[in-house]
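Below: one structure, written as structure tokens.
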Amino acid sequence: MLKKRTLEFPVAVAVAVAVAVAVAVALSQLKSHLNEEAITNLTTVNNSIQISLHRQIREISLSSQQILKNELVYQNIYKLLQKPDISKGERFNLRELLAKHIFPQGYKGFYLIGKNHKILISMKEHDTHKPPPSVVLNAIERLNQGEPFIVTHAFVFDGKTSMWGIASVMNDTGKVFGYFALSLGADFRFSSTTLTSGISYETGETYLVDENGLMLSESRFKEHLVMTGLLAEGEPSTKHLRVADPGVNLLEANNEVELPKDKWPLTFGVQQALTTHRMGWSTTGYRDYRGVPVIGVWRWDVPLQAAIITEIDEDEALDKYVYVRNVMLALLLVVVIGSVVAVMAYSRLRVRSEREANYHRNLLLESTAGAIYGIDMEGRCTFVNREFLSLLGYEEQEVLGQTIHSLIHHSYPDGRPYPVEECNIYKAHQNQSRIHRDDESFWTKDGEEIKVEYWAQPLLEDGKAVGSVVTFVDITEKRMLECEKEQLEKQVHHSQRLESLGILAGGIAHDFNNILAAILGNASLISSYVMKDPLRAKERADRIVQSAETAGVLCKQMLAYSGKGQFILKSISLSPLVEEMTHLLEVSIDKSVVIKYYLADRLPKVMVDEAQIQQVVMNLVTNANEAIEGKSGVISITTGVMYADEQYLSDCHAGEHTSAGRFVYVEVSDNGCGMDKETVQKIFDPFFTTKVTGRGLGMSATLGIVRGHHGALKVYSEKGRGTTFKLLLPISKEEHIHTDTATKQSNILPPRFLEKAVLVVDDEETVREMACMMLEELGFKTIPASDGEEALSLYRRHQGDICLVLTDLTMPHMDGRDLFIRLKQLNSDCHIILSSGYNSQEAIQQFSGKGLAGFIQKPYTEDTLRQEIIKVLGEESDNA
6 MLKKRTLEFP
16 VAVAVAVAVA
26 VAVAVALSQL
36 KSHLNEEAIT
46 NLTTVNNSIQ
56 ISLHRQIREI
66 SLSSQQILKN
76 ELVYQNIYKL
86 LQKPDISKGE
96 RFNLRELLAK
106 HIFPQGYKGF
116 YLIGKNHKIL
126 ISMKEHDTHK
136 PPPSVVLNAI
146 ERLNQGEPFI
156 VTHAFVFDGK
166 TSMWGIASVM
176 NDTGKVFGYF
186 ALSLGADFRF
196 SSTTLTSGIS
206 YETGETYLVD
216 ENGLMLSESR
226 FKEHLVMTGL
236 LAEGEPSTKH
246 LRVADPGVNL
256 LEANNEVELP
266 KDKWPLTFGV
276 QQALTTHRMG
286 WSTTGYRDYR
296 GVPVIGVWRW
306 DVPLQAAIIT
316 EIDEDEALDK
326 YVYVRNVMLA
336 LLLVVVIGSV
346 VAVMAYSRLR
356 VRSEREANYH
366 RNLLLESTAG
376 AIYGIDMEGR
386 CTFVNREFLS
396 LLGYEEQEVL
406 GQTIHSLIHH
416 SYPDGRPYPV
426 EECNIYKAHQ
436 NQSRIHRDDE
446 SFWTKDGEEI
456 KVEYWAQPLL
466 EDGKAVGSVV
476 TFVDITEKRM
486 LECEKEQLEK
496 QVHHSQRLES
506 LGILAGGIAH
516 DFNNILAAIL
526 GNASLISSYV
536 MKDPLRAKER
546 ADRIVQSAET
556 AGVLCKQMLA
566 YSGKGQFILK
576 SISLSPLVEE
586 MTHLLEVSID
596 KSVVIKYYLA
606 DRLPKVMVDE
616 AQIQQVVMNL
626 VTNANEAIEG
636 KSGVISITTG
646 VMYADEQYLS
656 DCHAGEHTSA
666 GRFVYVEVSD
676 NGCGMDKETV
686 QKIFDPFFTT
696 KVTGRGLGMS
706 ATLGIVRGHH
716 GALKVYSEKG
726 RGTTFKLLLP
736 ISKEEHIHTD
746 TATKQSNILP
756 PRFLEKAVLV
766 VDDEETVREM
776 ACMMLEELGF
786 KTIPASDGEE
796 ALSLYRRHQG
806 DICLVLTDLT
816 MPHMDGRDLF
826 IRLKQLNSDC
836 HIILSSGYNS
846 QEAIQQFSGK
856 GLAGFIQKPY
866 TEDTLRQEII
876 KVLGEESDNA
């Protein structure tokens, strides 16, 4: 019995230590969670303050412009600026006039600045003839360089924080006579913003700090600063207070003389904002300008040229942690005392001690924060605690003795069956190792999913496993918070992408205007030079050619951007492609719809046009979103690899021309309204839509893109259950990648074709005339035709004289394709060059294998046309 007692006491100590460790881990997780929650709230407040302050900047910009647009105001300002000396009465009259415009908008100050950079008139007579602050002088310099309106950074003027919006005062010819500035007035706008919107929690506040570490807004803790001696009693404001750490002087152990305030280091948050000029935060705690430990969020704002700091006392952020810690320590003490009592009782009476041990084991199970259950080697449940029953909704008799995997762990998070052979929990006793996972789900009695983090520990007797004990906690809410944070980051990135698209559109418009200006200007100069100075006229004509070529390059770029350009095939992996689209996809759907991604790693690469495949995925996701019809729903995007045989491909759209083999697939599924079989058969018809006011989302174009990539598209749909589209793309093979070898062509036209005729067919007269002139310069005769029917008639009459046909693709009456067929029927050896504004791959696709001699893309030069003709007619000469 004594030996048994000596063995049981270390066991009790080990149990107490284990519980203490579990409590420490739980407390650490709770503290981390509370800190993250506080940082999230502080970030939201900080963002709100930044938006409010930027709104003030926009208000003063609009106000200044509206005031200057007033005819009466403008005439008075313009008149006074031209006078060498302004009387006191004239200054009074202008103040009276402008007061009617600035007071209703909440502004109390304006400044009229002369060309000599002196204040001529303001709302205060004593400002007259004062020089403006250096910040304003810098803004005036920018106005002189051509900027229409400047909003200055925050600065101190007349003892008050202010910001001015400044515009040049000009006459009709653009000559500057002076400058007009509208002030935000007293800094009540900053303080009212930070002292209302900037308050979070009981001890939270938001304040502004300039680049020198001086506070630009009022502190809500002014009384505290006075009480602690950090602010002199009677001092009217905390503005210009240096935001320094007063507690650092207390930490200097050998510092007998107190450091002066101007030597105190700035607080940690201010230092980070001023040195990094980035957004940041701290959850570890640092002292603020009161010397109080806080956690905070900071950012540097460029328009304000100031840091925006949002902080909360660390004690308030962790008050829940302190309470829970005390409660758990009390529970830990109870557990330890109970364990000791159980050991003492067990040593006195073996049978009674076994009963007491079971009692205290249950007490331990019920006092822990997590849910616990045990299983034997066959996976049958041996015990559970109340937290298990509470989380999963079972009664104890419903689970004891049952195979626990089939009750609560039967499916993966995505709903796929979870075979018991793959279960990670079983590996604990099979491999006698501890298992920890946080990426799986348990299922309640009602079939509801809860995301869990669990630990599985093997149970050993005499070194042999007899089962496992599993502890788990519900982390569903934690995962939701992580998803919301990720969604916010994605929205920010997407807004930046949309902004870049706007910049791109503006750049294209700017380039086209420049090109048109060059063409029109040089054309007007040619008309004046052509007779008196032909060389200068030719120089201007060359400039027009250069501008036209530049415009042609820009058009090709726009065609490629719109999806009409030449395919750019490259070997890529589909999973990264889908990941890059997540920002755009998620902002393109309703807020009630959630996208779930199941993207495979290390997919084989496919040879595709990246932009076209992105268009396919976007079309499928947009259709899935509209199928959910504004309700709550889920869209799933899955990637993977599969083998498709001929039978599978025969049931796919565009699969009839695809060979069996291994494919990479992208699957888009929704739980929307679904479609019946009749609708599924029509969805790829041009302009077909199931929406009453539908615009058609390009399913026919989608199928065309899939077919062009030698892929296939599988559709699964059931009315009222949802729809799944599976896009299959063949895996790229290195041997299919070829490099083009340039063929050197002679630069000389074959002599036997000179003086022959070329039939030029184009419905655009200017293009037709240009082509004829180029051909005549090359030594050919030309026969023009305005459409296919006229060209066919002319070819019949002059067939013997015609060595070449240059035809447009798109024409009325008879287009280039029909003309090509008819000419080949008349003369199978007829040389036909196709001309089109579309790229060669798109334009000549329908002529593949039919004997098309060549292709030239509009716009083209005489040299480009010569090279194409040499290539076509030179090949015939070589064959001859």
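Whatever position you read off the sequence shown (first residue = 1), add 5 for the numbering used here. Note that CB positions come from ideal geometry on N, CA and C, so glycine has one too.
Neighbourhood of Arg346 by C-beta distance below 7 Å, restricted to the same chain and skipping five residues each side: Here residue 346 corresponds to residue number 341 of the sequence shown, with the count starting at 1. Here the sequence assigns Val to residue 346, which means Arg is not the residue at that position. Counting only Cβ-Cβ distances below 7 Å, and skipping sequence neighbours, we find nothing.
Phe668: CB within 7 Å of a non-hydrogen atom of the ligand NAP: For the structure depicted, the ligand NAP is absent and the ligand set is empty, with no information on it obtainable.
Start-to-end residues for the alpha helix (DSSP H) that takes in Cys777: As a first step, residue 777 must be located in the sequence shown, where it is residue number 772. Per DSSP, the continuous alpha helix (DSSP H) segment holding Cys777 begins and ends at Glu770 to Glu782.
Cα-Cα separation, Arg700 to Asn628: Taking the first residue of the sequence shown as position 1, residue 700 is located at position 695. Taking the first residue of the sequence shown as position 1, residue 628 is located at position 623. At Arg700, the pLDDT of 43 sits below 50, so the modelled position is not reliable and the matter cannot be decided from this model.
For Gly666, the residue or residues it bridges with in DSSP: Indexing the sequence shown from 1 puts residue 666 at position 661. Gly666 pairs with Ala649.
Simplified DSSP assignment, three categories, for Gln551: In the sequence shown, counting from the first residue as 1, residue 551 sits at position 546. Gln551 sits in a helix when the DSSP states are folded into three classes.
Nonlocal neighbours in the same chain, by C-beta distance under 6 Å from Ser578, ignoring five residues either side: To locate residue 578, count along the sequence shown from 1; it is residue 573. Beyond the five residues adjoining it in sequence on each side, Ser578 comes within less than 6 Å, by CB distance, of Leu608 and Lys610 in the same chain, given in chain order.
Within 8 Å, strictly: CB atoms of Ala374 and Leu39: Mapped onto the sequence shown, residue 374 falls at position 369. Mapped onto the sequence shown, residue 39 falls at position 34. No, the Cβ-Cβ distance between Ala374 and Leu39 is not below 8 Å.
Spatial distance of Ile710 from Val621 (CA atoms): Indexing the sequence shown from 1 puts residue 710 at position 705. Indexing the sequence shown from 1 puts residue 621 at position 616. Annotation: Ile710 to Val621 spans about 8 Å, alpha carbon to alpha carbon.
Coarse secondary structure for Thr387, derived from DSSP in three states: In the sequence shown, counting from the first residue as 1, residue 387 sits at position 382. Strand at Thr387.
Where Met333 falls: helix, strand or coil (DSSP): Stepping through the sequence shown from its first residue, residue 333 is reached at position 328. In this structure, Met333 counts as helix in the three-state DSSP scheme.
The alpha helix (DSSP H) enclosing Ala322, as first and last residue numbers: Here residue 322 corresponds to residue number 317 of the sequence shown, with the count starting at 1. Looking at the DSSP string, the run of the alpha helix (DSSP H) that includes Ala322 is Glu319 to Ala322.
Simplified DSSP state of His414, which is helix, strand or coil: Here the question's residue 414 lines up with position 409 in the sequence shown. Coil.
Per-residue DSSP class, three states only, for Thr831: Working through the sequence shown from its first residue, we reach residue 831 at position 826. Before going further, note that residue 831 is Leu rather than Thr in the sequence given. Helix.
Buried or exposed by the 16-neighbour rule on C-beta atoms within 10 Å, applied to Ala522: Counted from its first residue, the sequence shown places residue 522 at position 517. Exposed is the label assigned to Ala522, since fewer than 16 other Cβ atoms lie within 10 Å of its Cβ.
Cut-off 6 Å between Cβ atoms - residues of its own chain near Val28, not counting five sequence neighbours on either side: Working through the sequence shown from its first residue, we reach residue 28 at position 23. Met333 and Leu337, listed in sequence order.
The beta strand (DSSP E) enclosing Gln862, as first and last residue numbers: In the sequence shown, residue 862 corresponds to position 857, counting from 1. Judged by DSSP secondary structure, Gln862 falls within the beta strand (DSSP E) whose first and last residues are Gly859 to Gln862.
Local conformation of Lys786 per DSSP, three classes: The count along the sequence shown starts at 1 and reaches residue 786 at position 781. Judged by DSSP in its simplified three-state form, Lys786 adopts strand.
Pairwise C-alpha distance: Asp90 and Lys123: Reading the sequence shown from its first residue, position 118 is the one you call residue 123. Reading the sequence shown from its first residue, position 85 is the one you call residue 90. Here the C-alpha atom of Lys123 lies approximately 13 Å from the C-alpha atom of Asp90.
Close beta carbons around Glu401, own chain, < 7 Å, minus the five adjacent residues each side: To locate residue 401, count along the sequence shown from 1; it is residue 396. Counting only Cβ-Cβ distances below 7 Å, and skipping sequence neighbours, we find Val389 and Leu394.
Three-state secondary structure (DSSP) of Phe162: Looking up residue 162 in the sequence shown gives position 157. Here DSSP, grouped into helix, strand and coil, assigns Phe162 to strand.
Proximity of Ile838 and Leu809 at Cβ, strictly below 8 Å: As a working note, residue 838 is residue 833 in the sequence shown. As a working note, residue 809 is residue 804 in the sequence shown. The criterion of a C-beta distance shorter than 8 Å is satisfied by Ile838 and Leu809.
Enclosing alpha helix (DSSP H) for Leu102 [first to last residue]: In the sequence shown, the residue the question calls residue 102 occupies position 97. Leu102 -> alpha helix (DSSP H) spans Lys93 to Ile107.
Within 8 Å, strictly: CB atoms of Ile642 and Tyr602: Mapped onto the sequence shown, residue 642 falls at position 637. Mapped onto the sequence shown, residue 602 falls at position 597. Between Ile642 and Tyr602, the CB-CB gap stays under 8 Å.
Backbone CA spacing between Ala747 and Glu651 [nearest angstrom]: Along the sequence shown, one-based indexing puts residue 747 at 742. Along the sequence shown, one-based indexing puts residue 651 at 646. Bear in mind that a pLDDT of 34 at Ala747, under 50, signals an unreliable position, so the number given afterwards is only what the model happens to contain. Rounded to the nearest whole angstrom, the CA to CA distance from Ala747 to Glu651 is 38 Å.
Option nearest Arg726 by Cα separation, candidates Met704, Thr387, Gly679 and Val685: Within the sequence shown, residue 726 is the residue found at index 721, counting from 1. Considering only alpha carbons, the answer is Gly679.
Beta-carbon gap between Val598 and Ile640 smaller than 8 Å: Numbered from 1 along the sequence shown, position 593 holds the residue referred to as residue 598. Numbered from 1 along the sequence shown, position 635 holds the residue referred to as residue 640. Their beta carbons are under 8 Å apart, which means Val598 touches Ile640 by this criterion.
Phe852: first and last residue of the uninterrupted beta strand (DSSP E) it sits in: The sequence position of residue 852 within the sequence shown is 847, counting from 1. Segment: none, Phe852 is in no beta strand (DSSP E) and carries neither H nor E.
C-beta atoms of Ile317 and Thr208 nearer than 8 Å: Here residue 317 is taken as the residue at index 312 of the sequence shown, counted from 1. Here residue 208 is taken as the residue at index 203 of the sequence shown, counted from 1. Yes; because the gap between Cβ atoms is below 8 Å, this pair is in contact.
Within the segment 227-300, ranges of the alpha helix (DSSP H) (whole runs, at least 4 residues): Fully contained in the segment 227-300 are the following alpha helix (DSSP H) runs of length 4 or more, in chain order: 227-232 and 273-281.
C-alpha gap between Lys129 and Phe97, whole angstroms: Looking up residue 129 in the sequence shown gives position 124. Looking up residue 97 in the sequence shown gives position 92. Each residue's Cα considered, the two are about 10 Å apart.
Continuous beta strand (DSSP E) stretch holding Glu401: start and end: Mapped onto the sequence shown, residue 401 falls at position 396. Careful: Glu401 lies outside any beta strand (DSSP E), inside the alpha helix (DSSP H) at Glu401 to Val404.
Spatial neighbours of Gly218 in its chain, beta-carbon cut-off 8 Å, leaving aside the 5 residues before and after: Against the sequence shown, residue 218 aligns to sequence position 213. Within its own chain, the residues whose Cβ lies closer than 8 Å to the Cβ of Gly218, once the five positions on either side in sequence are excluded, are Arg247, Val248, Ala249, Leu271, Val275 and Leu279, listed in chain order.
CB of His803 within 8 Å of CB of Val720, strictly: For the purposes of this step, residue 803 is taken as residue 798 along the sequence shown, with counting starting at 1. For the purposes of this step, residue 720 is taken as residue 715 along the sequence shown, with counting starting at 1. Taking C-beta atoms as the reference points, His803 and Val720 fail to come closer than 8 Å.
Ranges of the beta strand (DSSP E) found wholly within the segment 107-191, counting only runs of at least 3: Contiguous beta strand (DSSP E) elements confined to the segment 107-191 occur at 114-119, 124-127, 154-156, 160-162, 165-167, 169-175 and 181-188, taking only those with 3 or more residues.
Exposure label - Asp767; buried when at least 16 CB within 10 Å: Within the sequence shown, numbered from 1, the residue matching residue 767 stands at position 762. Of the residues assessed, Asp767 falls on the buried side of the cut-off, its CB having 16 or more other CB atoms within 10 angstroms.
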